[in-house]
Amino acid sequence: MWLKKMKPRVLLGLSGVGDVFNEQNIEQGKTYRVVLYVMSYESLNLSVSLTSSDGLQNLGSSNIIATNSEVSNWTKFELQLESTGTNRNSRLQLTTNKKGTIWLDQVSVMPMDTYMGHGFQKELIAMVKNMKPRFIRFPGGCYVEGEHIRNAFRWRESIGPWEERPGHFGDVWGYWTDDGLGYLEFLQLAEDLGASPVWVFNSGNSHRDQVATSSVLSFVKAYS
Numbered sequence: 043m044w045l046k047k048m049k050p051r052v053l054l055g056l057s058g059v060g061d062v063f064n065e066q067n068i069e070q071g072k073t074y075r076v077v078l079y080v081m082s083y084e085s086l087n088l089s090v091s092l093t094s095s096d097g098l099q100n101l102g103s104s105n106i107i108a109t110n111s112e113v114s115n116w117t118k119f120e121l122q123l124e125s126t127g128t129n130r131n132s133r134l135q136l137t138t139n140k141k142g143t144i145w146l147d148q149v150s151v152m153p154m155d156t157y158m159g160h161g162f163q164k165e166l167i168a169m170v171k172n173m174k175p176r177f178i179r180f181p182g183g184c185y186v187e188g189e190h191i192r193n194a195f196r197w198r199e200s201i202g203p204w205e206e207r208p209g210h211f212g213d214v215w216g217y218w219t220d221d222g223l224g225y226l227e228f229l230q231l232a233e234d235l236g237a238s239p240v241w242v243f244n245s246g247n248s249h250r251d252q253v254a255t256s257s258v259l260s261f262v263k264a265y266s
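Residue numbering for the sequence shown follows the working numbering, starting at 43 and increasing by one per position.
What follows is the structure, given as structure tokens:
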């Protein structure tokens, strides 16, 4: 789970607690990788925890301590939290006893134990593998086209570090996607499943508009 291009400002109340994510399934003994970009004009003493939805059960925590000069610009932090319990309605909780404003971006909580270490949920992909798919098509249908061409899927923008992918608005279904599942992840999944990849790209068409034939190449080629 992650936030993309939102740069939320965490407003800490009297308790000094900011609730970033909720309704996460956290399992005992598993390790979770927490990644977040932080910016603040004050020094930072931030506790990053996985807790129950009411905050009473602490499943694992670590601290981020930094001077104001170290976080005056966007700074990436990575933590690994090993869960001491199981809670299927847990949350990522940020706690501080300092007054101030903390800006966050690209917050991600992912289990370390994934299918072949490539980020996919083990149980889900194991079931897919049992189906013995001969091919996987990605992406597909209306997601590729978009309602308007400005929101069409552009495969080149789904490659590279996930925090550098611009993402796009899926206007057919009405939600923002950070394109964390992109072209490379699709190829990796197909390889892990022993399936042939069927690559789908936008050819300059959407539900409501299209580009001139002379401009189609910009949707297909591997360079700008």
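Backbone N, C-alpha and C fix where the C-beta goes; we use that ideal spot for every residue, glycine too.
Being a predicted model, the structure only gives us computed values, none of them experimental.
For Gln-66 and Ser-125, believed in contact at Cβ under 8 angstroms, the rounded distance:
Your numbering for residue 125 matches position 83 in the sequence shown. Your numbering for residue 66 matches position 24 in the sequence shown. About 10 angstroms; that fails the 8 angstroms criterion.
With which residues is Tyr-157 paired in a DSSP beta bridge?
Counting from one through the sequence shown, the residue named residue 157 turns up at place 115. DSSP, once it has assigned bridges, lists no residue as partnering Tyr-157.
Can you give the Cα-Cα distance for His-190 and Asp-147, rounded to whole angstroms?
By 1-based counting over the sequence shown, the position of residue 190 is 148. By 1-based counting over the sequence shown, the position of residue 147 is 105. Between the alpha carbons of His-190 and Asp-147 lies a gap of roughly 27 angstroms.
Is it true that the CB of Val-242 sits closer than 9 angstroms to the CB of Phe-180?
Translated into the one-based positions of the sequence shown, residue 180 becomes position 138. Translated into the one-based positions of the sequence shown, residue 242 becomes position 200. The Cβ-Cβ distance between Phe-180 and Val-242 falls below 9 angstroms.
So, helix, strand or coil for Ser-150, using DSSP?
In the sequence shown, the residue the question calls residue 150 occupies position 108. Correct three-state label for Ser-150: strand.
Pull up the DSSP beta-bridge partners for Phe-180, would you.
In the sequence shown, residue 180 corresponds to position 138, counting from 1. DSSP, once it has assigned bridges, lists Trp-241 as partnering Phe-180.
For Val-170, name the three-state secondary structure that DSSP assigns.
Numbered from its first residue, the sequence shown carries residue 170 at position 128. Looking at Val-170 - three-state DSSP - the assignment turns out to be helix.
Go ahead and pull the three-state DSSP assignment for Phe-228.
If you number the sequence shown from 1, residue 228 lands on position 186. Reduced to three states, the DSSP call for Phe-228 is helix.
Does the Cβ of Arg-130 have 16 or more other Cβ atoms within 10 Å, making it buried, or fewer, making it exposed?
In the sequence shown, the residue the question calls residue 130 occupies position 88. Exposed: under 16 other Cβ atoms inside 10 Å.
Beta-carbon proximity list for Lys-49, same chain, < 8 angstroms, skipping 5 on both sides
Within the sequence shown, numbered from 1, the residue matching residue 49 stands at position 7. Here the model assigns Lys-49 a pLDDT of 42, short of 50, so the residue's position is not dependable, and the following value carries that caveat. Trp-145, Leu-146, Asp-147.
In terms of residue numbering, what span does the alpha helix (DSSP H) encompassing Met-262 cover?
Here residue 262 refers to the residue found at position 220 of the sequence shown. First, the amino acid is wrong: residue 262 is Val here, not Met. That run of the alpha helix (DSSP H) goes 259-262.
Note down the Cα distance separating Phe-195 from Gly-182, rounded to an integer number of angstroms.
Taking the first residue of the sequence shown as 1, we reach residue 195 at position 153. Taking the first residue of the sequence shown as 1, we reach residue 182 at position 140. In this model, Phe-195 and Gly-182 are separated by some 10 angstroms (Cα to Cα).
Euclidean distance between Cα positions of Val-90 and Phe-261:
By 1-based counting over the sequence shown, the position of residue 90 is 48. By 1-based counting over the sequence shown, the position of residue 261 is 219. Their backbone Cα atoms lie some 41 angstroms apart in a straight line.
Can you look up Asp-110 in the DSSP assignment and give me helix, strand or coil?
The residue labelled residue 110 in the question sits at position 68 within the sequence shown. Reading the sequence as shown, one finds Asn at residue 110 and not Asp. Coil, per DSSP.
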